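Quick note, the sequence shown lines up with residues 222 to 317 if you use our numbering. Ideal Cβ placement from N, Cα and C applies to all residues, glycine included. From a predicted model like this one, the values you see are computed outputs, not experimental measurements. To start, the structure under review is shown below, and the notes come after it.
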Amino acid sequence: MLQNDRGDALAHHAVGLPVRTTLLQNLRVAWCFPTEGEHSDGEPHTAKPDMGNMLKTLEDCLVRSGVIADDAIICGEQLSKAWSDPSGIYVEASEL
């Protein structure tokens, strides 16, 4: 399963984790897609994949890789996706 592979790929970043909390107040996620010459840096990414599907995959990967014990502890989310150089996925979690 693809999500298993993604979770396994993230596991080496989960040093000292999972987050030991029963509640994450906010999960901020920015998906930054490579500009590849067609788009300007910071331009909104309006093409597929949609953020709902990407978010669920990311939450599952955070659990599978051991970053959090259960995605049910997330009670708030702030999401964005844009064209960017450098590209990547940036995640910030705030606990209560």
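Hey, how far is the Cα of residue i from the Cα of residue j?
{"i": "Glu259", "j": "Ser305", "result": "11 Å"}
{"i": "Pro255", "j": "Gly273", "result": "20 Å"}
{"i": "Arg249", "j": "Gln299", "result": "5 Å"}
{"i": "Ser261", "j": "Ile310", "result": "18 Å"}
{"i": "Asn247", "j": "Glu257", "result": "31 Å"}
{"i": "Val284", "j": "Lys269", "result": "24 Å"}
{"i": "Gly263", "j": "Met275", "result": "19 Å"}
{"i": "Asp292", "j": "Glu313", "result": "14 Å"}
{"i": "Ile294", "j": "Ala251", "result": "20 Å"}
Check residue i in the structure and name its three-state DSSP category.
{"i": "Cys282", "result": "helix"}
{"i": "Ala268", "result": "coil"}
{"i": "Ile294", "result": "helix"}
{"i": "Leu245", "result": "strand"}
{"i": "Gly309", "result": "strand"}
Mark residue i as exposed unless 16 or more other C-beta atoms lie within 10 angstroms of its C-beta, in which case mark it buried.
{"i": "Leu279", "result": "buried"}
{"i": "Ser286", "result": "buried"}
{"i": "Cys253", "result": "buried"}
{"i": "Lys277", "result": "exposed"}
Rounded C-beta distance between residue i and residue j? I'm assuming under 8 Å.
{"i": "Cys296", "j": "Leu245", "result": "7 Å"}
Taking the alpha carbon of residue i as the reference point, which residue from the options has its own alpha carbon closest?
{"i": "Glu316", "options": "Ser301, Ala303 and Ile289", "result": "Ile289"}
{"i": "Lys302", "options": "Pro265, Ile294 and Thr242", "result": "Pro265"}
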